[in-house]
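Novice: Got a structure for you, questions after.
There are 4 protein chains.
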Amino acid sequence: MKRSAQSVPATKIKTTVEDPALVERRRAQLTQAAIACFSEHGYHSTTIRDVAERADVSIGLIYQYVGDKEDLLFMALQAVLDGYMRQIPPALEGITGPLHRFCVAVQAYSRVNGDSVDATVLAYRETKSLRKERRSAIMRKELETNELMAACVRDCIDAGLFEDIDVDLFVYQIVMFCHAWALKAWHFAPKMDVDTYVERGLRLMLRGVLTKAGAKWMRKLEASGVAPAAPEGGKKNAGHRRL
Amino acid sequence: MKRSAQSVPATKIKTTVEDPALVERRRAQLTQAAIACFSEHGYHSTTIRDVAERADVSIGLIYQYVGDKEDLLFMALQAVLDGYMRQIPPALEGITGPLHRFCVAVQAYSRVNGDSVDATVLAYRETKSLRKERRSAIMRKELETNELMAACVRDCIDAGLFEDIDVDLFVYQIVMFCHAWALKAWHFAPKMDVDTYVERGLRLMLRGVLTKAGAKWMRKLEASGVAPAAPEGGKKNAGHRRL
Amino acid sequence: MKRSAQSVPATKIKTTVEDPALVERRRAQLTQAAIACFSEHGYHSTTIRDVAERADVSIGLIYQYVGDKEDLLFMALQAVLDGYMRQIPPALEGITGPLHRFCVAVQAYSRVNGDSVDATVLAYRETKSLRKERRSAIMRKELETNELMAACVRDCIDAGLFEDIDVDLFVYQIVMFCHAWALKAWHFAPKMDVDTYVERGLRLMLRGVLTKAGAKWMRKLEASGVAPAAPEGGKKNAGHRRL
Amino acid sequence: MKRSAQSVPATKIKTTVEDPALVERRRAQLTQAAIACFSEHGYHSTTIRDVAERADVSIGLIYQYVGDKEDLLFMALQAVLDGYMRQIPPALEGITGPLHRFCVAVQAYSRVNGDSVDATVLAYRETKSLRKERRSAIMRKELETNELMAACVRDCIDAGLFEDIDVDLFVYQIVMFCHAWALKAWHFAPKMDVDTYVERGLRLMLRGVLTKAGAKWMRKLEASGVAPAAPEGGKKNAGHRRL
DNA sequence: TATGAATGAGGTTTCATTCAT
DNA sequence: AATGAATGAAACCTCATTCAT
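Protein chains in written order, with full-length UniProt numbering: chain A, 1 to 243; chain B, 1 to 243; chain C, 1 to 243; chain D, 1 to 243.
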């Protein structure tokens, strides 16, 4: 007696609730709870009851806003990626110098990443737990985010500040470097804070990429404190740490 | 919620079988099957029965060589990391030039990685599914592997071929870059092969690191074909910008 | 991570147990329990736990011999219909007179029916709870059973004992009449026993069907006590009008 | 497992609405929707939401006119049986000849049955899903309906048109024969239409029951076209309709 | 009177693990 | 040492029913 399964776009999520505003609010609530639970114990080890308790709702309510558990994962991963998309553009607002924009973009990226280490790790752990169409949707979102940074890189190249490098590869190198902070937090967190981490890493990576003109601009930016400055003192971890 | 079982080092695995040679053989067999299954479907979605069938043994037999399912995961992850440890030293055998050694080490690393993409992804997905002590054991193993490359880097610095960089950070940058091939295979695999990928990435990363002397050596190595050579004419990839 | 679904004949039932003899034995055990439970409370109101308890096995065991709850229903209904198929032929063994065979077949049929009133009712209640292919399999079985009686009817016609009637319709009339005993047990059971019921009904139905020759034979059979005899003096039922 | 609620006659249904006309209207609306849903998917597989949607009302509204889901089933089954009660008497209006009345009654009965095959099947499937008191109420209704036909039969006997048969048994035989059209629609519907079915069946059944006088009358009726006529042509389904 | 979001008990099913053979 | 049938806890999900609006 199964009811037939309409072929809906794989990214639409079932709900029995009619008020769209309510749906949005509840979904946000559930997504937050899901991110917290999944980050902590992983997707499979988290029960629906866990999420319900975390969100302070009943189990039944969840299934009024979501078709199944996987939907929660999908929503969670989308929200994580949306975080990047949402934070970078505002950070770039009003900034014009291409190199400056690039540095700010990386900084913004690394901050989102640093603020939600668990969520980033979650994305690496559980994206494969989604069925294919949704996995693709997530990947597409990742590429869109990368594109924000890629645009900055291209501007730098066009402005003669960067060598004519492989943009895609370079951007992914930066992204992976940022993610490494989250993925290898057990290694880095005790040694330094995110900003130090990014600062140092960026300097390493930029050295091979900046043109002479780019290097000159960089020094200016460093002087004004908006770009990775040469470490003024105790290299390894001046005493911060967190996580 | 049981934790410590102090008498037994957390990394020892229970068995009811007495012949150590047999234990070793069976465990190897199970580990291979586990890696295959876990890589394909993930740890949680794989059943003991799946592993038993893949290993062509009975379910009961598994529990004679293993205490529980998590042991299989532990064995699998260890084996994956051991792969790196096992492949790099032989590759370095007989090679003396520090820069040459560095390049070969990276190459060896990236090849293990390229040959077992699924296993690398597995490590990222499922390390957190281990209980803490074992997670630490896995991390320790990762650091040991990194140390193989770190030694090469330090030699290059000491030989004046590399600037005086943050070794740890640089090594992790390379490692992450290699892993990215596996983690983002969906993005890179359709565009190029591993060797091209590493070649290009390495060149990007080295430019900021080589001293003048290092750069000279590099050109020599490239000429002799053992190091990332300037692309003579892009293959799949003729249209991309590059360094 | 779903495993692909082979298209097996819709009537094959999944098992994880390898020994076919054991499978058969356990399935029989489960089928009996299922018939009992389903007859008593209906299919939907019966829980798997109910069946497990009735069969004195664990819940898990059931799922080693059966794919899902519907399989239990299918097995139950098949077993019910098989009952008819199994009982009628032996009853006809050695009997040669066409009219005699017809009477014995009906008698056998009505006895199976009378012995498993609940099961017959179950078939009427729950056949629709099966998915289509299986529903068809059950219907096919019903027709096969009817064919046993249809053959007798045809023989009677060929022997000139029955008029040239619509065999199919006549057989179904008899079958429905038998089933009515079960379906309307609340009405008939307090008034008479099955044999009386069939005897009377049969006489009603035969009167319109027997040829003169048939009627003569019938009287002989009645005299020898193998066919519905004229009631010599109603039992429970002395006051009722009768044929 | 709760049972009796003695104060309220088991057939009274709870409502929070005071206007009796409204109650009646709404209940009729709900009953129609319930019959449709239950016939289609069965009682247990139908959700209250299904019924609400079919009736185009809210879920909450249902519970203002009905105590629980079983009430809907009860109302539905009552309505189905009422259908018979409602259709037969008008059909008999003005007809005086006992045999004529009998034939018309059967015809009317079979027509109700033929027009609501699903509903008849529903009654067979789900009557047992009612608690006992209500089941009895339904059975009583069935007997009342039968009584309409029994009266005709008795008149025929008294008029010397029928032999002195067991009225109760004969009526049930006819009723079951009619129901068989619904219950075995999968078998009969492809072969003939209801009227043909009833016509043929009735002739079979009447032959054993009509007295000589009855038979004469019958021929008259057939001649005037109001009774089962001898088939004029192609037996099996001259090409009419089906289910 | 009408609505529909919220609840949570309870059902089906899976699967790690045990243990008799 | 090897097998695989048996177990049952625990997970996901449904849906009758309530109640605030």
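Glycine is no exception: its CB is placed at the ideal position from the N, C-alpha and C atoms.
1) Excluding the 5 residues flanking Val-226 (chain D) on each side, which residues of the same chain have their C-beta closer than 8 Å to its C-beta?
2) By the DSSP assignment, the alpha helix (DSSP H) with Arg-49 (chain D) in it spans what residues?
3) Confirm, please, whether the CB-CB distance from Thr-15 (chain A) to Ala-137 (chain A) is below 7 Å.
4) From B:Val-17, B:Phe-177, B:Glu-147, pick the residue whose C-alpha is nearest to that of Tyr-65 (chain B); which is it?
5) Under the three-state reduction of DSSP, which class applies to Leu-148 (chain D): helix, strand or coil?
6) Using a beta-carbon distance below 7 Å, is Met-176 (chain B) in contact with chain A?
7) Would you mind sorting Asp-71 (chain A) into buried or exposed? The rule is 16 or more other CB atoms within 10 Å of its CB.
8) With a cut-off of 7 Å, does the C-beta of Arg-131 (chain A) fall near any C-beta of chain B?
9) According to DSSP, residue 245 (chain A) sits in a beta bridge with which residue or residues?
10) Between Val-51 (chain D) and the rest of its own chain, which residues show a CB-CB distance below 8 Å, the 5 nearest in sequence each way excluded?
11) Look at the alpha carbon of Asn-113 (chain D) and the alpha carbon of Ile-13 (chain C), and state the distance between them as a whole number of angstroms.
12) Residues of chain C with CB under 8 Å from Tyr-109 (chain D), in chain order?
13) Spatial neighbours of Arg-49 (chain A) within its chain, please: C-beta separation below 7 Å, excluding the five flanking residues on both sides.
14) Determine which residues of the region 147 to 175 of chain C have a Cβ less than 7 Å from any Cβ of chain D, and write them out in chain order.
15) Would you report the Cα separation of Val-57 (chain B) and Asp-68 (chain B), rounded to the nearest angstrom?
16) Could you list the residues in the region 102 to 126 of chain D with a C-beta less than 8 Å from some C-beta on chain C, going in chain order?
17) Any beta carbon of chain A sitting closer than 7 Å to that of residue 275 (chain B)?
18) Might you give, ordered along the chain, the residues of its own chain that have their beta carbon closer than 7 Å to the beta carbon of Phe-74 (chain D), omitting 5 neighbours on each side?
19) Can you find a CB in chain C that lies within less than 7 Å of the CB of Asn-237 (chain D)?
20) Specify, as a first and last residue, the run of the alpha helix (DSSP H) that Leu-130 (chain A) falls within.
21) Does the beta-carbon distance from Ile-157 (chain C) to Asp-168 (chain C) come in below 7 Å?
22) Leaving out the 5 sequence neighbours to the left and right, which residues in its chain are closer than 7 Å to Val-117 (chain B) when beta-carbon positions are compared?
23) I want to see whether chain D comes within less than 7 Å of His-44 (chain C), judged by CB atoms only; does it?
24) Can you tell me whether DSSP reads Tyr-65 (chain B) as helix, strand or coil?
25) Ignore the nearest five residues each way along the sequence and tell me which others in Ala-223 (chain D)'s own chain have a CB closer than 6 Å to its CB.
26) Which of the three DSSP states, helix, strand or coil, is assigned to Glu-93 (chain A)?
27) For a test of the three-state rule: what should DSSP assign to Thr-15 (chain D), helix, strand or coil?
28) If I follow the unbroken alpha helix (DSSP H) through Val-23 (chain D), where does it start and stop?
29) Taking just the CA atoms, how far does Leu-122 (chain A) sit from Leu-147 (chain A)?
30) What does a CB cutoff of less than 7 Å around residue 328 (chain C) pick up in its chain, not counting 5 residues either side in sequence?
31) At a Cβ cut of 8 Å, what residues of the region 209 to 224 of chain D count as close to chain C, listed as they run along the chain?
32) Is the CB-CB distance between Tyr-124 (chain B) and Cys-178 (chain B) below 7 Å?
33) If you measure from the beta carbon of Ala-91 (chain A) to each beta carbon in chain B, is any gap under 7 Å?
34) At least one CB of chain B closer than 7 Å to the CB of Leu-204 (chain A): is that the case?
35) Does any C-beta atom of chain B lie closer than 7 Å to the C-beta of Ala-180 (chain A)?
36) Who are the Cβ neighbours of Glu-93 (chain B) in its own chain at under 6 Å, not counting the five residues just before and after it?
Specialist: According to the data block:
1) His-100, Cys-103, Val-104
2) 48 to 55
3) no
4) B:Val-17
5) helix
6) yes
7) buried
8) no
9) Nothing in the structure corresponds to residue 245 (chain A), since chain A is present only between 1 and 243.
10) Leu-30, Ala-33, Ala-34, Cys-37, Ile-62, Leu-72
11) 37 Å
12) Here the premise fails: no neighbours, minimum Cβ distance about 15 Å.
13) Ile-59
14) Ile-165, Asp-166, Leu-169, Phe-170, Tyr-172, Gln-173
15) 16 Å
16) Val-121, Tyr-124, Arg-125, Glu-126
17) Because chain B here runs from 1 to 243, residue 275 (chain B) falls outside it and cannot be looked at.
18) Leu-130, Arg-134
19) Unreliable placement is indicated for Asn-237 (chain D), whose pLDDT of 39 sits below 50; the coordinate value is still reported in the next sentence. Chain C contact via Cβ: absent.
20) Unbroken run through Leu-130 (chain A): none, as it is neither H nor E.
21) no
22) Ala-182, Ala-185
23) yes
24) helix
25) none
26) coil
27) coil
28) 20 to 41
29) Sequence inspection shows Glu at residue 147 (chain A); the Leu mentioned does not correspond to that position. Approximately 22 Å, taken between the alpha carbons.
30) Past the edges of chain C, shown from 1 to 243, lies residue 328 (chain C), and the structure says nothing about it.
31) Val-209
32) no
33) no
34) yes
35) yes
36) none
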